[in-house]
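When we follow this note's numbering, the leftmost residue of the sequence shown carries the number 325, and every step to the right adds one. No residue lacks a Cβ here, since even glycine has one placed at the ideal position from N, Cα and C. Note that the structure is a prediction, hence the values are computed from the model and not measured.
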Amino acid sequence: MGHHDRRATDESPVDPGAAVVPLLPLLRVRAETAARDLPDLGAALDLLREAGILRAVLPAPEGAGLGWAPGTAHALSDLLRRVGAADLALARLVEGHVNAAVLVETHAARPARDAMRAAVRDGALLGVWGADGAAPLEWVDRAEGGVRLTGGKRFASGLGHVGLALVTACAAPGAPPRLFLVPADDPARHDHDAWTASAMRATRSGGFDATGLVVGDDGVVGPAGALMVEPWFEGGVWRYCAAHVGGAEGLIERWTDLLRRMDRLDDPVQRDRLGRATAEAVAARAAVEAAAEAVAAAAEAPPDAVERAVAHGLMVREAVEGACTRILTLCERSLGMAAHDGRGPVDAMRRDLSLFLRQAAPDAKLDRALRCAETVGPGGLR
Ligand SMILES: Cc1cc2nc3c(=O)[nH]c(=O)nc-3n(C[C@H](O)[C@H](O)[C@H](O)COP(=O)(O)OP(=O)(O)OC[C@H]3O[C@@H](n4cnc5c(N)ncnc54)[C@H](O)[C@@H]3O)c2cc1C
């Protein structure tokens, strides 16, 4: 179907966290079926598109300024958590879409902002592809204007779905990266075979070859190093943590259903496991929502307060990873073989969450947060 957003135009602006609620049963059924077939999120993305959720990143009144306008952090957390509970791969793509919009709205001059907004208006999904391939992405100035890219990306999520991608490229190895907005829909540039992980296959992640792409003013997003400006960079990790918490909530729902079907829900040992897992999920959600608020409040704050909010967010990332890992262990112990049944409701969610939690460079993040905590004490991070 085309990229036109019929229903949403009459009802703008949309509250994305609420707008996704009626879609959740459908998204969940679709995810469970897709886990067995060749995974494809095209139909699920169409549902979000038609409900106006992808357009929510546009400025009001067309959208809600989702992710970058003040007061939108809570709705975004709800959206990513709820979509994550239905389908973690879909949440991965929605998070990339919002992340790209945040970076463009925060750092880009008018031409690239206009180009991004026009694409989103037309229904495009956005992505952020930072991880370099074997030949890292580099840019050179062209005599006739604009820059020319060579090299490629790996782990690029949404191949075939993402219309415009924000990619990082350096002038030389080790130089601070610049962000460029590039058309991402040419299948000849996609390498689906590069994704060899057994989980999150529906994200359609893989290699993207950017060699030969020429970028003009409407593709330039900020100066070199803009990507790393806080609180937008590491401060943004709470977004994928919200998806992780959603995945944990979705896992607990499926696990509870399965125990009920096995007539084991009244067993006191099973209730103890489920209760402890639920407590972990409740605490993780509260932590993510607090991090989202702290980071949003830091947008206008002095540098030391920005660093504290970022460190707080990174500590929350660590706590969420710990909570999700414990939930996975409890679930696997509780269900035994049934947790690993490839045709059952739990296995795909379990594997997707376990992989998604690996994002990204956790040791470095924890170390950075700890350096900040060492000077202000753990209670001083917020
Ligand atoms: C589902 C999914 C979707 C993704 N989608 C995207 C996307 O759309 N765009 C994108 O850019 N990226 C994407 N990524 C990639 C992600 O951003 C990271 O690049 C990736 O997860 C890192 O992979 P890794 O675990 O092999 O990393 P590594 O860096 O090898 O980390 C593995 C472990 O080693 C540790 N480590 C790292 N460096 C060192 C070192 N020098 N010495 C000692 N220990 C070290 C890490 O802390 C970690 O504990 C995606 C990842 C996943 C899982």
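Nearest-angstrom Cα distance between residue i and residue j?
i: Arg-405; j: His-568; result: 7 Å
i: Gly-391; j: Asp-591; result: 43 Å
i: Leu-690; j: Glu-468; result: 45 Å
i: Leu-449; j: Asp-339; result: 18 Å
i: Arg-584; j: Glu-554; result: 46 Å
i: Ala-608; j: Gly-570; result: 10 Å
i: Arg-441; j: Leu-503; result: 17 Å
i: Val-471; j: Asp-456; result: 18 Å
i: Val-538; j: Ala-342; result: 40 Å
i: Val-418; j: Leu-677; result: 16 Å
i: Ala-685; j: Leu-694; result: 15 Å
i: Thr-699; j: Leu-705; result: 10 Å
i: Asp-329; j: Arg-597; result: Reliability fails at Asp-329, whose pLDDT of 45 lies under 50, so the model's placement of it is uncertain and no value is given.
i: Cys-655; j: Ala-663; result: 7 Å
i: Arg-373; j: Leu-347; result: 11 Å
i: Ala-615; j: Met-552; result: 18 Å
i: Gly-366; j: Val-486; result: 11 Å
i: Ala-443; j: Ser-658; result: 46 Å
i: Leu-638; j: Ala-629; result: 14 Å
i: Val-640; j: Arg-379; result: 28 Å
i: Glu-356; j: Val-593; result: 28 Å
i: Pro-337; j: Ala-397; result: 16 Å
i: Val-644; j: Met-586; result: 29 Å
Compute the beta-carbon to beta-carbon distance between residue i and residue j, rounded to the nearest angstrom, for a pair I have assumed lies under 8 Å.
i: Ile-651; j: Ala-523; result: About 16 Å; that fails the 8 Å criterion.
i: Pro-511; j: Gly-484; result: 7 Å
i: Leu-473; j: Leu-490; result: The pair is not a contact, with the Cβ atoms about 13 Å apart (cut-off 8 Å).
i: Ala-493; j: Pro-501; result: 6 Å
i: Ala-436; j: Ala-526; result: Incorrect: roughly 29 Å between the Cβ atoms, too far for contact.
i: Val-606; j: Trp-562; result: Not a contact, Cβ separation roughly 17 Å.
Going by alpha carbons, who is nearest to residue i out of the options?
i: Leu-488; options: Asp-515, Thr-357, Val-544 and Asp-456; result: Val-544
i: Gly-549; options: Asp-587, His-431 and Ala-611; result: His-431
i: His-636; options: Gly-560, Val-344, Leu-537 and Leu-659; result: Gly-560
i: Thr-602; options: Ala-614, Glu-558 and Thr-649; result: Thr-649
i: Arg-528; options: Ala-436, Ala-518, Leu-348 and Gly-536; result: Ala-518
i: Ser-481; options: Ala-415, Arg-695, Gly-389 and Thr-535; result: Ala-415
i: Ala-459; options: Val-486, Ala-496, Gly-447 and Arg-466; result: Ala-496
i: Val-344; options: Leu-365, Ala-388, Asp-402 and Pro-383; result: Asp-402
i: Gly-536; options: Leu-412, Gly-475 and Ala-643; result: Gly-475
i: Lys-477; options: Ala-499, Pro-547, Val-464 and Val-452; result: Val-452
i: Val-707; options: Pro-383, Ala-643, Arg-674 and Met-661; result: Any question about residue 707 goes unanswered here, given that the chain covers just 325 to 706.
i: Met-673; options: Glu-631, Gly-574 and Pro-363; result: Gly-574
i: Val-612; options: Gly-376, Glu-642, Ala-566 and Glu-558; result: Ala-566
Bridge partners for residue i per DSSP, in chain order?
i: Pro-507; result: Leu-488
i: His-514; result: Phe-532
i: Lys-477; result: Asp-456 and Phe-532
i: Trp-463; result: Leu-473
i: Cys-565; result: According to DSSP, Cys-565 bridges with nothing at all.
i: Gly-451; result: Ala-489
i: Arg-502; result: Ala-493
Using 10 angstroms around the beta-carbon of residue i, count the other beta-carbons present and answer buried if the total reaches 16, otherwise exposed.
i: Leu-350; result: exposed
i: Ala-688; result: exposed
i: Leu-520; result: With the sequence shown as reference, residue 520 is identified as Thr, and Leu is not the correct amino acid for it. So Thr-520 ends up on the exposed side.
i: Gly-530; result: buried
i: Ala-425; result: buried
i: Ala-409; result: buried
i: Thr-653; result: exposed
i: Gly-703; result: exposed
i: Pro-669; result: buried
i: Ala-399; result: buried
i: His-514; result: buried
i: Val-464; result: exposed
For chain B, find out if any of its Cβ atoms is closer than 7 Å to the Cβ of residue i; answer yes or no.
i: Glu-419; result: Within the model displayed, chain B is absent; a lone protein chain is all it includes.
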